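Residue numbers (my numbering): 352 to 648.
Ideal Cβ positions, reconstructed from N, Cα and C, are used throughout, including at glycine.
Values in this document were obtained by computation on a predicted structure and should not be read as measured data.
Contents: one structure, followed by commentary.
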Ligand SMILES: [Zn+2]
């Protein structure tokens, strides 16, 4: 095909993908439990573009507006790049200069490749390594190991590595002056856009995550001074909500450890480990990794 035809096909394809994503999100919207992905102001200079799942809506995007440019945290899926740019434009004339990626997963880094043309991308060293290993597009150009700060327009934004959990490269982004954090998938909350309940995912296979160390990591998160938390997916939370999530993770670990100590077999996890009271409806095989990790001596 000639170049113009290829371009036209590309534009058409992008439009179709956007339409399909919008349609899927629309159709999956549960009755009586509406969700919106409209950009919302949560503090002066800080906005969220909501994300409820790993597919249609992706993860939560935080938008920090400064006089010298915008800083965003995470960037959903490739098909939502234009949507993110448009929504940021609706709250500031400043360009998006930095993208901070909380971890490597595609529903948080999906637009990285597009943003790399005009912005710098920052992430934890392990998150970058995981992206390289899995051949994911848009690995960050700037990495850190313990913590780093970004200064722009009189604003400081920190990235902190507080230990393993969802992966081995989860960053907590700390807007200290606004007493607000973005946790990435170290905390998830509520329902996906198609109505199912979100449960924490320990990415052992591609992220070297740890359910066992997750609680201690959350204790370090809770040691930060904040009153507002943007989870990886779901509604904006209070510090008490984050503490409740941490307690559920501890309960899960304790029940799994007791099950293993009593000689429980992996295939009986779903029938023997009761989690209704903490409302974490895991898929039957989703806890096999935690079983293996806690079985190691
Ligand atoms: Zn994730």
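Whole angstroms is fine: what's the gap from residue 641's alpha carbon to residue 609's?
On the chain shown, residue 641 is found 290 positions in, with the first residue counted as 1. On the chain shown, residue 609 is found 258 positions in, with the first residue counted as 1. For residue 641 and residue 609, the distance between alpha carbons rounds to 13 Å.
Beta carbon of residue 399 nearer than 8 Å to that of residue 439
Within the chain shown, residue 399 is the residue found at index 48, counting from 1. Within the chain shown, residue 439 is the residue found at index 88, counting from 1. The answer is no: Cβ separation not under 8 Å.
Closest by C-alpha distance to residue 450, when choosing among 493, 565 and 480
Your numbering for residue 450 matches position 99 in the chain shown. Residue 450 has its Cα closest to that of 493, out of 493, 565 and 480.
Going by DSSP, name the residue or residues bridged to residue 499.
Residue 499 sits at position 148 when you count from the first residue of the chain shown. In the DSSP output, where bridge partners are listed per residue, residue 499 has 510.
heavy atom of ligand 1 below 7 Å from residue 536 C-beta:
Here residue 536 refers to the residue found at position 185 of the chain shown. Because some heavy atom of ligand 1 lies under 7 Å away, the Cβ of residue 536 counts as near it: yes.
Do residue 546 and residue 453 have their CB atoms nearer than 8 Å?
As a position in the chain shown, residue 546 is number 195, starting the count at 1. As a position in the chain shown, residue 453 is number 102, starting the count at 1. Pairing residue 546 with residue 453 gives a Cβ-Cβ distance that is not under 8 Å.
Taking only the alpha-carbon atoms, compute the straight-line gap between residue 404 and residue 584 and give it to the nearest angstrom.
Residue numbering aside, residue 404 sits at position 53 when the chain shown is read from its first letter. Residue numbering aside, residue 584 sits at position 233 when the chain shown is read from its first letter. Here the alpha carbons of residue 584 and residue 404 stand approximately 6 Å from one another.
For residue 428, tell me which candidate among 483, 390, 407 and 401 has the shortest Cα-Cα distance.
Position 77 of the chain shown, counted from the first residue, corresponds to residue 428. Shortest Cα-Cα distance from residue 428 to any of 483, 390, 407 and 401 involves 407.
Going straight from the alpha carbon of residue 426 to that of residue 460, what length do you get?
Within the chain shown, the letter at position 75 stands for residue 426. Within the chain shown, the letter at position 109 stands for residue 460. Going from the Cα of residue 426 to the Cα of residue 460 covers about 5 Å.
Decide yes or no for the touch test of the stretch 480–500 against the stretch 455–472: beta carbon pairs closer than 8 Å, at least 3 of them.
The stretch 480–500 is in contact with the stretch 455–472.
Nearest candidate by alpha-carbon position, reference residue 553, set 424, 456, 430 and 392:
Residue mapping note: residue 553 aligns to position 202 of the chain shown, counting from 1. For the residues 424, 456, 430 and 392, the minimum Cα distance to residue 553 belongs to 456.
Checking the sheet assignment: what are the DSSP bridge partners for residue 535?
As a working mapping, residue 535 is identified with position 184 in the chain shown. Answer by DSSP bridge pairing, in chain order: 582.
Given 8 Å as the limit, is there contact between the stretch 410–424 and the stretch 500–510, that is, 3 or more CB pairs closer than that?
Touching, yes.
Continuous beta strand (DSSP E) stretch holding residue 574: start and end:
The count along the chain shown starts at 1 and reaches residue 574 at position 223. According to the DSSP assignment, residue 574 belongs to no beta strand (DSSP E), since it is labelled neither H nor E.
Exposure of residue 580, with buried meaning 16 or more beta-carbon neighbours within 10 Å
The count along the chain shown starts at 1 and reaches residue 580 at position 229. Buried.
Decide if residue 343 is buried, meaning its Cβ has at least 16 other Cβ atoms within 10 Å, or exposed.
With the chain covering only 352 through 648, there is no way to say anything about residue 343.
So is the beta-carbon of residue 583 under 7 Å away from any non-hydrogen atom of ligand 1?
For the purposes of this step, residue 583 is taken as the residue at position 232 of the chain shown. In this structure, residue 583 has its CB closer than 7 Å to one or more heavy atoms of ligand 1.
CA-to-CA distance, residue 582 to residue 625, given in whole angstroms
Here the question's residue 625 lines up with position 274 in the chain shown. Here the question's residue 582 lines up with position 231 in the chain shown. Rounded to the nearest angstrom, the two C-alpha atoms are 25 Å apart.
Neighbourhood of residue 586 by C-beta, 7 Å cutoff - its chain only, sequence neighbours within 5 removed:
Here residue 586 refers to the residue found at position 235 of the chain shown. Excluding residues within five positions, the ones whose Cβ falls inside 7 Å are 540 and 541.
Extract the residue ranges of the beta strand (DSSP E) inside the stretch 443–483, only unbroken runs of 3 or more that lie entirely within it.
Listed in chain order, they are 447–451 and 471–475.
Distance check for residue 645 and residue 423, CA to CA, integer angstroms please.
The residue given as residue 423 occupies position 72 in the chain shown. The residue given as residue 645 occupies position 294 in the chain shown. Rounded to the nearest angstrom, the two C-alpha atoms are 36 Å apart.
Distance between residue 475 and residue 544 (C-alpha atoms, nearest Å)
One-based indexing of the chain shown puts residue 544 at position 193. One-based indexing of the chain shown puts residue 475 at position 124. Rounded to whole angstroms, residue 544 to residue 475 spans 28 Å at the Cα level.
Candidates 629, 612 and 634: which alpha carbon is nearest residue 622's?
As a first step, residue 622 must be located in the chain shown, where it is residue number 271. Nearest option by C-alpha distance: 634.
How is residue 414 classed by DSSP in three states: helix, strand or coil?
Reading the chain shown from its first residue, position 63 is the one you call residue 414. Taken through DSSP and simplified to helix, strand or coil, residue 414 comes out as strand.
Do residue 572 and residue 513 have their beta-carbon atoms positioned less than 8 Å apart in this structure?
As a first step, residue 513 is located in the chain shown; it is residue number 162 there, counting from the start. As a first step, residue 572 is located in the chain shown; it is residue number 221 there, counting from the start. The Cβ-Cβ distance between residue 513 and residue 572 falls below 8 Å.
Quick check on DSSP: helix, strand or coil for residue 588?
Here residue 588 is taken as the residue at index 237 of the chain shown, counted from 1. Three-state result, residue 588: strand.
Backbone CA spacing between residue 618 and residue 612 [nearest angstrom]
Translated into positions along the chain shown, residue 618 becomes position 267. Translated into positions along the chain shown, residue 612 becomes position 261. Going by the C-alpha atoms only, they are around 15 Å apart.
Where does the unbroken alpha helix (DSSP H) through residue 560 begin, and where does it stop?
Here residue 560 is taken as the residue at index 209 of the chain shown, counted from 1. No alpha helix (DSSP H) contains residue 560, which DSSP labels as neither H nor E.
Cβ-heavy atom distance between residue 456 and ligand 1 below 7 Å?
Within the chain shown, the letter at position 105 stands for residue 456. Shortest gap from the CB of residue 456 to any heavy atom of ligand 1: under 7 Å.
Chain-order list of residues whose beta-carbon lies under 8 Å from that of residue 530 (same chain, five-residue window excluded)
Position 179 of the chain shown, counted from the first residue, corresponds to residue 530. The answer, listed in chain order, is 576, 577, 578 and 579.
Say the cut is 7 Å; is the CB of residue 517 nearer than that to a heavy atom of ligand 1?
The residue given as residue 517 occupies position 166 in the chain shown. Checking every heavy atom of ligand 1 against the Cβ of residue 517, one is found closer than 7 Å.
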